[in-house]
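Okay, structure first, notes after.
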Amino acid sequence: MKEQTGRSHEIEQSPQIEQSDQIESFFPTPTFQALTMGIPFCIFKLLFGLLALRAAADQRFIALAAFGWLIVVWAATDLSMNLARVVFHLSGRASPIEYCVIAQAGRLFGRPRLFLAIDTLISFSIICFVLWSGWIVQLRHTESYLWYAATTLNLISISVVSIWIEFRRGA
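Here it is as structure tokens:
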């Protein structure tokens, strides 16, 4: 691929630069964001909701049960929204929806990214609560592996993007 410079001649762009540009341009895509952040956050929310339901059943606490079901429905809705974003992106169409319910509400205020950041804060708060409350030990075997997978995918992807950005700065 040739790149036009400010001068009157063209320079040849190397295949490595083209490939690295393709990799870098994948990071901000809806597919990458949904698979590495959105879906893991949905898993954390879903497992949190299930843990709340279990705690409610143990304590016969109806308000906690209602809260647990609310979280489960919220997680399932966000999961469907993230999967829809992937489908829209892979089909080359603009998405009429955001990644999550909270960001969708942010559209009403013209600030979906701000509301997405708020959802991220809530998701990280859920993770911290489950860890610090000790609820993490209540996860069943398969649920634990879902938690591990979501954590791994989320943290490794953040690290890979950070390394890639720093690598490119040195290029």
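Using this note's numbering, read the sequence shown as starting at 1418 and increasing by one per residue. Ideal Cβ placement from N, Cα and C applies to all residues, glycine included.
* Asked: Is A1482 helix, strand or coil by DSSP?
  -> Counting from one through the sequence shown, the residue named residue 1482 turns up at place 65. Note: A1482 maps to helix in three-state DSSP.
* Using the Cα positions of R1530 and A1480, report the straight-line distance between them to the nearest angstrom. => In the sequence shown, residue 1530 corresponds to position 113, counting from 1. In the sequence shown, residue 1480 corresponds to position 63, counting from 1. Spanning the two alpha carbons is a distance of roughly 31 Å.
* Asked: Among the residues of its own chain, which have a CB less than 7 Å from the CB of R1471, if the five just before and after it don't count?
  -> For this step, residue 1471 is matched to residue 54 along the sequence shown. Q1555.
* With 16 as the cutoff for other CB atoms within 10 Å, does P1432 come out buried or exposed? -> On the sequence shown, position 15 is the one that residue 1432 refers to. Confidence is the limiting factor: at P1432 the pLDDT is only 49, short of 50, which leaves the residue's position unreliable, though a coordinate-based value still follows. Classification for P1432: exposed.
* Can you give the beta carbon distance from N1571 to T1446, rounded, assuming they're within the 8 Å contact cut? -> Indexing the sequence shown from 1 puts residue 1571 at position 154. Indexing the sequence shown from 1 puts residue 1446 at position 29. No, N1571 and T1446 are not in contact; Cβ-Cβ is about 16 Å, not under 8 Å.
* To do: State the CB to CB distance for the pair V1490 and A1451, rounded to an integer number of angstroms; the pair is presumed to be in contact (CB under 8 Å).
  => Against the sequence shown, residue 1490 aligns to sequence position 73. Against the sequence shown, residue 1451 aligns to sequence position 34. Going by Cβ atoms, the distance from V1490 to A1451 rounds to 19 Å, so no, they are not a contact pair.
* Sorted by chain position, which residues of the same chain lie with C-beta nearer than 6 Å to V1577's C-beta, five sequence neighbours on each side aside? -> As a working note, residue 1577 is residue 160 in the sequence shown. For V1577, where only same-chain residues beyond five positions count, there are no Cβ hits under 6 Å.
* Would a C-beta distance cut-off of 9 Å place L1468 and V1518 closer than the cut-off? -> Sequence index remark: in the sequence shown, residue 1468 carries index 51 (1-based). Sequence index remark: in the sequence shown, residue 1518 carries index 101 (1-based). Going by C-beta atoms, L1468 is not nearer than 9 Å to V1518.
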